[in-house]
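Q:
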Amino acid sequence: FEMLGVESVPASYQEVQPHWFFCRRADDDTSWLPFSREDSDKLENACYPGKHDEVVVAVDGERYDVHVKERKRYAVYWEQGPTEVRRCTWFYKGDKDTRFMPYPEDISKSLEEAYMIAVTLDEWKTKLELPNGETIILHNPKLIMQYQCIGLQEEGVPSPSWQTQPRTVKRGVNNISVEIPAGEPEKVDHLVFMVHGIGPACDLRFRSIIQCVNDFRSASMSLLASHYKHAQQDGQVGRVEFLPVNWHSALHGDATGVDENIQRITLPSISRLRHFTNDTLLDLFFYNSPTYCQTIVDTVASEINMLHTLFKQRHSEFNGAVSVVGHSLGSLILFDMLTNQRTGSEPLILNCDTLQQTLTRLGLQQYLDTLQAENLDLESLALCQDGDLKDLGIPLGPRLKILNYAKKKLNSDHDGNQSSGFMQRSQFHRAQSVTSAVDYEYFDVGIGQVSIDYPQLAFHPQTFFAFGSPIGMFLTVRGLKHIDPNYTFPTCKSFYNIYHPYDPVAYRIEPMIVTEVDLEPMLIPHHKGRKRMHLELKDSLTRMSMDLKNNVLGSLRTAWQSFSRLPVAALPPVDEGDTSIERDLQEAQGRKSTWVCDEAESSVSAEQTDQPEIKVGMLNGGRRIDYVLQEKPIESFNEYLFAIQSHLCYWESEDTALLLLKEIYDKLGIPIEQSQQ
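Using my numbering, read the sequence shown as starting at 492 and increasing by one per residue.
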């Protein structure tokens, strides 16, 4: 028999392993991002021939649903347009591209068939014509290129020329440089709702609350993997779910018509600045208006209750606690709402005389024409089922809002729904007005308007976290000089005021509770377990200065002792005032030594966040309330330059995320593990 060379033996064909991607479009940029391996496997198992019915697969921690047959990905908890989903096997990248892009599924199928034939028959240099006129040439198993045919430029050109920089073609996700995200644990230990502040954008990149919360959630997942590693491996720790609460869209646009009214009175000059002011800064004034404040608090409470109901439906096994986070104005909204909650009562159902008022309070006035076209009023709306509303073309989120409202409307006690306009009295000490005859004791704790009817949440929050909060300033402006140390939220027993030292919007809370003691805020430790380098350097220089002073005092003491040991005859008479010098030096040295020792002990570990001996009221169960982040080295050079950025830094702050996780899991009895970095 003639021996065949190794190179002449055709390689055996192995089917390519697909991976599922979804499309993300931002402005003019289109990128394809991979699902986690767990989600990709679920989608692959749901995609099999012969299945005609639509299959819905929950992905990304069940925050999205993928309609496999439709190849679309839909958001569950917020309004977002559907994104394309693709089963990917072949990818391409040009010289100027930064990442590989997947081919459409039909082209990938044709490529795979051509590749299978080439491998089986060991016949390469195969050409595959694409519908757009470009050509893919399979040179060998490791060299596959896509060429763009420029075509005939004029009659004198006999044949087409080829692009000098063709695209690289790769088969399978394992052959391209792409980071496949880790899957999220199915177990949810805690649920957190995050309320944004003024304006539609939450950071300097003008990202929405949805994008910022996504980043915060990703940071928390990374911190759980690094700081709760063993607890995760033992199954004690799952994950914390963060969900955004958006109220800006319900206030602006066509929702209330306020933007149109403001635009009519806006001057035409400096239009961009005025548009920015109308869209962001005016939210502060809207919140101080009883009309629009009612819209804001109703929207926030309605969104939180709707998201809570939807989450419980999708996570029926969830038995954890729920917390709330507010940034900037969002923290003030939550503070006023939590102050006016009732203990042991069902959420308040607002009375509305008309269908239009009901939909406006729910933020669903855009569906008024749809419901009126079917001659639906409040009574008939309460009898509708989910299928009835779905047939009208109403999406899932608004349907849940309507059904949740109708259920509470039918089951609520009529007497319990009639509000007197006054909420439960808080234990704040009101400052008496000396310039007005208004008796502030008759005002609610809130913005100070009797017309505000604060809605009730469907749950009792475990902890309230405030980021960059102006709560202290607003309370002072409202006439509150002092907070009773015994005061606590009716339904929430923990409160943290977290801020950056250069945040121009943030104010402290503790001085309003403990007025007789000047307390420094608690320093939030770095997530890597140390102070930042420039802060450690500052502490080191302080210790060196103390050591230098201590050495000088020691030298003076030694010199005095040497001088005092001279023969008595050689010494002049000494009175009592002179003998006190040595005593003073010894006492000073002792004090300085103790000071240096205390300074060294206090700066050895930045992880030490134990509560001091003093009890700071009951707003946080007797624990400290004000927590300050460590500024970055570059920020310390010019605090004014980074002031605005400091107010928007919390969404990407790993130190902030770790503080939240520590508070959450401490109450579950799971301590944080020391970082190995």
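Just so you know, even glycine gets a beta-carbon here, dropped at the ideal spot from N, CA and C.
1) Quick one: give me the first and last residue of the beta strand (DSSP E) that LEU854 is part of.
2) Tell me which same chain residues have a C-beta within less than 7 Å of the C-beta of VAL679, skipping the five on either side of it?
3) Three Cβ pairs or more, each shorter than 8 Å: is that satisfied between the segment 658-667 and the segment 712-725?
4) Since LEU829 and THR982 are thought to touch, with beta carbons under 8 Å apart, how far apart are those beta carbons, to the nearest angstrom?
5) Between which residues of its own chain and PHE826 is the CB-CB distance below 6 Å, once the five residues before and five after are set aside?
6) Does LYS720 pass the burial test, meaning 16 or more other C-beta atoms within 10 Å, or should it be called exposed?
7) How many Å lie between VAL1059 and GLN1052 at the Cα?
8) If you draw a straight line from the C-alpha of ILE1135 to the C-alpha of LYS633, how long is it?
9) Using a 10 Å radius around the Cβ and a threshold of 16 neighbouring Cβ atoms, would you call ARG696 buried or exposed?
10) To the nearest angstrom, how far is it from the Cα of THR834 to the Cα of GLU535?
11) Taking the C-alpha atoms as reference points, what is the distance between SER760 and PHE767?
12) For a minimum of 3 consecutive residues, which ranges assigned as the beta strand (DSSP E) are wholly contained in the segment 964-1001?
13) With DSSP run on the structure shown, which of helix, strand or coil describes MET607?
14) Can you tell me which residues form a DSSP beta bridge with GLU575?
15) Tell me whether TRP615 sits in a helix, a strand or coil according to DSSP, three-state version.
16) Keeping to the same chain, check which residues put their C-beta closer than 6 Å to that of SER793; ignore five residues upstream and five downstream.
17) In chain order, what residues of the same chain have a beta carbon less than 7 Å from the beta carbon of GLY878, not counting five sequence neighbours either side?
18) Looking only at DSSP bridge pairs, what is HIS818 linked to?
19) Which residue marks the beginning of the beta strand (DSSP E) containing THR771, and which one marks its end?
20) What first and last residue would you give for the beta strand (DSSP E) that runs through ASP556?
21) Three-state secondary structure (DSSP) at GLU732?
22) How about the segment 995-1011 and the segment 847-863: do they share at least three Cβ pairs that are nearer than 8 Å?
23) Can you tell which of ARG658, GLY1045, GLU604 has its C-alpha closest to the C-alpha of THR626?
24) Look at the Cβ atom of CYS1140, then the Cβ atom of HIS991, and state whether they are nearer than 7 Å.
25) Three-state secondary structure (DSSP) at VAL669?
26) With distances taken from CA atoms, which of ASN796, ILE943, ILE1116 is nearest PHE777?
27) Please report the Cβ distance between VAL749 and MET685, rounded to the nearest whole angstrom; I am assuming they are in contact, meaning their Cβ atoms lie under 8 Å.
28) Pick from GLU561, ARG554, VAL576, ASP532: whose alpha carbon is nearest that of ASP544?
29) As a quick exercise: from SER709, PRO676, ARG1114, pick the residue whose alpha carbon is nearest that of GLN723.
30) Would you kindly check if the distance between the Cβ of ARG765 and the Cβ of THR757 is under 7 Å?
31) Whose C-beta lies closer than 6 Å to the C-beta of LEU867 among residues of the same chain, with five residues either side of it excluded?
32) How many Å lie between PHE980 and ASP1009 at the Cα?
33) Could you tell me the boundaries of the alpha helix (DSSP H) in which ALA864 lies?
34) With a threshold of 6 Å on Cβ separation, who are the neighbours of ILE701 within its own chain once the five nearest residues in sequence on each side are excluded?
35) Since VAL686 is in the beta strand (DSSP E), which residue starts that stretch and which ends it?
36) Could you tell me the boundaries of the alpha helix (DSSP H) in which TYR638 lies?
A: Quick look at the numbers:
1) The identity of residue 854 in the sequence shown is Gly, whereas the question assumes Leu. Element bounds for GLY854: n/a, residue is neither H nor E.
2) GLY729, ARG730, GLU732, HIS806, PHE809, GLY811, listed in sequence order.
3) Cβ pair count under 8 Å is below three, so no.
4) Confirmed, Cβ separation roughly 7 Å.
5) Only ILE962 meet the Cβ criterion.
6) By the beta-carbon neighbour count (other beta carbons within 10 angstroms, threshold 16), LYS720 is exposed.
7) Note on VAL1059: pLDDT 49, under 50, position unreliable in the model; the coordinate value appears next. Approximately 14 Å, taken between the alpha carbons.
8) Going from the Cα of ILE1135 to the Cα of LYS633 covers about 51 Å.
9) Within a 10 Å sphere around the beta-carbon of ARG696 sit fewer than 16 other beta-carbons, which makes this residue exposed.
10) THR834 and GLU535 have their C-alpha atoms roughly 48 Å apart.
11) Rounded to whole angstroms, SER760 to PHE767 spans 13 Å at the Cα level.
12) Runs of the beta strand (DSSP E) inside the segment 964-1001: 971-974, 985-990.
13) Here DSSP, grouped into helix, strand and coil, assigns MET607 to helix.
14) Answer is LYS563, bridged to GLU575.
15) In this structure, DSSP gives TRP615 a state outside helix and strand, which the three-state scheme calls coil.
16) Result list for SER793: LEU853, in chain order.
17) For GLY878, same chain residues with a beta-carbon under 7 Å away, outside a window of 5 residues either side, do not exist.
18) The partner list for HIS818 (beta bridge, DSSP) reads PHE958.
19) Annotation for THR771: no beta strand (DSSP E) segment contains it, and DSSP assigns it neither H nor E.
20) That run of the beta strand (DSSP E) goes 555-558.
21) In the structure shown, GLU732 adopts extended strand secondary structure according to DSSP, grouped into three states.
22) Taking 8 Å as the limit for Cβ pairs, the verdict is that the segment 847-863 does not touch the segment 995-1011.
23) Scanning ARG658, GLY1045, GLU604 for the CA closest to the CA of THR626 turns up ARG658.
24) Less than 7 Å divides the Cβ of CYS1140 from the Cβ of HIS991.
25) Coil, per DSSP.
26) It is ILE943.
27) The Cβ separation is near 24 Å, so there is no contact.
28) That would be GLU561, whose Cα lies nearest to the Cα of ASP544.
29) When the alpha-carbon of GLN723 is set against those of SER709, PRO676, ARG1114, the nearest one is in PRO676.
30) Taking C-beta atoms as the reference points, THR757 and ARG765 count as a pair closer than 7 Å.
31) Answer for LEU867: no residue qualifies.
32) Per the coordinates, the alpha-carbon of PHE980 lies some 24 Å from the alpha-carbon of ASP1009.
33) 859-864 is the span of the alpha helix (DSSP H), which, as asked, contains ALA864.
34) These residues qualify, in order along the chain: TRP569, PRO735.
35) Under the DSSP assignment, VAL686 falls in the beta strand (DSSP E) whose first and last residues are 679-686.
36) For TYR638, there is no enclosing alpha helix (DSSP H); the residue is found in the beta strand (DSSP E) stretching over 634-638.
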